[in-house]
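So the first sequence is numbered by our numbering: it starts at 42 and just counts up by one. A short write-up of the structure that comes next.
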Amino acid sequence: MAPQKVRRAPRGAGSRSTRIAMEVRTRFAPSPTGYLHIGGVRTALFNWLLARRHGGQFILRIDDTDTARHVDDALTKIFEGMRWLGLDWDEGPDVGGAHGPYFQSQRTDNHVAAITQLLESGKAYPCETSTTELDELREAAKAAKRPFVFRGPNRDMSGSEALALWKEKQCAVRFKVPQGKTTVLLDAIRGAVEWRTDMLGDFTIARDGGKPLYNLASIVDDIETKITHVVRAEEHLSNTHPQLLIAEGLGAPLPTFAHVPYVAAPGGKKKLSKRNPPPGVMVALEEYEQAGYLPEALVNALARLGWSLDDHTEIMSRQTIIENFSLDRVTSAPAGLDPDKMYWIQDQYMTALPADEKIELMMPFLVRAGLVADPPTPEQKAVVAKIEKACGDRLKLLSDIIRYGAMFLREELVIDPKAMKHLRKPGAEEVLAKLHATFATLEPFDLATIEAAVNDVREETGVGGKINHFLRASTTGETVGPGVFDCIEILGREKVLKNIETAREKIAAEAG
RNA sequence: GCCCCCUUCGUCUAGUGGCCCAGGACAUCUGGUUCUCAGCCAGAAGAUCACCGGUUCGAAUCCGGUAGGGGGUACCA
């Protein structure tokens, strides 16, 4: 009789409301590599959302077992990135908690205790087979086109013998994989996944010298920190088989597992990597911050990458996402990062952001660009407020304030080559002279009066609509920007007159 | 090689046997608004649901196989 294939529960079949009744504890366990990968951040977000959805705890653990160098700096990156995105953790290296320590490297005693328990109960055995011998066996199996399934010679040792031998030799330890059995994982995203234990060799859980290996450490930590839902990247799916066997060997209750697909590079199915990202694609979280993305926008965008609320909702507040998040609506196929859509989502959030908050967030970008003082003077603040208002929807990223603000904030006029092209057109010089004369005495120097005055000059000179181009190019040095009359008003009479003069000199210099 | 996972418009997705000759969004294209840009409004185009076979009155949805992509096969994490 063929085993009934277990299907995923229908979407939304309960977990959205009451399926998970017990306490939920999730974790994010990054390695301190020096940056937060955007795909890893999404995994962190899903864990965080699940915990918040069910009023549970989100734990930050640092999987630092093989990185001794520069951990401090990498740690700072992790903390700062998570905090910036608003993914707060209830237990972790810096805040502590009842199940610490939260550095994997500091849990070695727990791992060794688990190894000892497995040895003692006859679930594992010390193995002295050398790596060179193993390599030969592997090669031989490959040559014979047989799968390589290794079982060590000490496999049938008694628990006490095994323990004694290991204490004496501190050699590698292998898990004694039971034979003829099938392991079934009920993955919250993928449904039932089965493995036959006969396909799995006796994997090592400690290397020669006694150092615990990842598969052992990972599941032991999850068990001991009382993690209820292990939500992690799909590359760990294969690791789950040995981890399940270890948990079973330890007699420990199992967490629920959910394997989320990897994040692919835009337009493809290739995994997004930091090593060779496609041009213009940002992989590290900090790049998004530096580019001027809003944390709320990024949360929304990342949530939509592999998860959906329904068949039409794209823009959702953090609260809405929390209230509706469930693993059964996470896709099982990899999702390519879509920079265009992220940008669009960012646009939606920027548009909705109140002006004063936007200004507050944009100011540091101007400070870093050297366009305002640190701290900005009251005058500069006032100008920036005017710029923001005039720019309106044109500000998509916080950093856009640099692009649009420079023409108002810098002292000297800088004329873009495209703007210069306008100024070289016949009649420009003459019109500018007229405008200069008009502006010099214009009272009051405000939007309505400026506009009316420019209209008069246009009719007087008969240049038509081109006058706006001349005006924009000569006063801002740009061809794009906010409405030209807004620009004039923001610049103020003094600067407008000065800039027009500068522009005329340039024109004359080129002509002469 | 062997094991496991994945496969719906260019992209993110909806879809769990009839409501789907497949819906939404981004991107694209066209028209309108406009001093530029960005917007905004209106519209268009875009998917033989990877492929082949089966079950069924009926399949994107269930079953089998094939192909392609990904992960694992470490005394890495």
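We put the beta carbon where it would ideally sit given N, CA and C, even for glycine.
Check: Burial state of Val472 (16 or more Cβ within 10 Å); Outcome: buried
Check: Residues that DSSP places opposite Trp348 in a beta bridge; Outcome: Val371
Check: Residues near Ala305 by beta carbon distance below 8 Å, same chain, minus five either side; Outcome: Lys311, Lys312, Leu313, Pro375, Ala376, Gly377 and Leu378
Check: Candidates Val301, Leu241, Ser162 and Glu289: closest to Ala85 by CA position; Outcome: Val301
Check: Segments of 3+ residues assigned as beta strand (DSSP E) that fall wholly inside the stretch 150 to 230; Outcome: 165 to 168, 213 to 216 and 223 to 228
Check: Beta-carbon gap between Pro283 and Phe216 smaller than 8 Å; Outcome: yes
Check: Per-residue DSSP class, three states only, for Lys422; Outcome: helix
Check: Distance cut-off 7 Å: Lys437 Cβ against heavy atoms of the ligand ZN; Outcome: Questions concerning the ligand ZN fall outside what the structure shown contains, since it holds no ligand whatsoever.
Check: Span separating the alpha-carbon of Ala550 from that of Glu530; Outcome: 28 Å
Check: Cβ neighbour criterion (16 or more within 10 Å) applied to Glu178; Outcome: A small fix is needed here, since residue 178 is Leu in this sequence, not Glu. Exposed, since its Cβ has fewer than 16 Cβ neighbours within 10 Å.
Check: Closest by C-alpha distance to Leu278, when choosing among Pro307, Thr245 and Val225; Outcome: Val225
Check: Among His140, Trp348 and Asp197, the one whose alpha carbon lies nearest that of Glu265; Outcome: His140
Check: Any 3 or more C-beta pairs closer than 8 Å across the stretch 488 to 506 and the stretch 420 to 437; Outcome: no
Check: Beta bridge counterpart(s) of His78 as assigned by DSSP; Outcome: Ala325
Check: Euclidean distance between Cα positions of Val413 and Val112; Outcome: 35 Å
Check: Those residues which DSSP pairs with Gln98 across a bridge; Outcome: Arg66
Check: Spatial distance of Thr157 from Leu204 (CA atoms); Outcome: 7 Å
Check: Beta bridge counterpart(s) of Trp236 as assigned by DSSP; Outcome: Thr224
Check: Contact under 8 Å by Cβ, Ala175 with Phe191; Outcome: Correcting the residue identity first, residue 175 is Leu in this sequence and not Ala. Yes, these two residues count as a Cβ contact at 8 Å.
Check: Segment contact flag, the stretch 532 to 542 with the stretch 474 to 487, C-beta cutoff 8 Å, min 3 pairs; Outcome: yes
Check: Rounded straight-line distance, which links the Cα of Ile119 to that of Leu326; Outcome: 9 Å
Check: CA nearest to the CA of Glu401, picked from Val371, Thr490 and Ala423; Outcome: Ala423
Check: Local Cβ density within 10 Å of Ser259, reported as buried at 16 or more and exposed below that; Outcome: buried
Check: Unbroken beta strand (DSSP E) run spanning Ile246, endpoints; Outcome: Thr245 to Ala247
Check: Per-residue DSSP class, three states only, for Thr516; Outcome: helix
Check: N- and C-terminal bounds of the beta strand (DSSP E) containing Phe486; Outcome: Here Phe486 belongs to no beta strand (DSSP E), and DSSP marks it neither H nor E.
Check: Continuous beta strand (DSSP E) assignments of at least 3 residues falling wholly in the stretch 248 to 293; Outcome: 270 to 274
Check: Inter-residue Cα distance where the pair is Met448 and Met461; Outcome: 15 Å
Check: Pair within 8 Å by beta-carbon distance, Leu439 and Gly522; Outcome: no
Check: Collapsed DSSP secondary structure at His353 in the structure displayed; Outcome: coil
Check: Euclidean distance between Cα positions of Asp228 and Met323; Outcome: 31 Å
Check: Distance, Pro71 Cα to Ala338 Cα; Outcome: 23 Å
Check: DSSP state of Glu452 mapped onto helix, strand, coil; Outcome: coil
Check: Proximal residues to Ser349 (C-beta, below 7 Å), its chain only, five neighbours per side dropped; Outcome: Arg370
Check: Nearest to Gly308 (by Cα), restricted to the options Asn256, Asp381 and Val261; Outcome: Asp381
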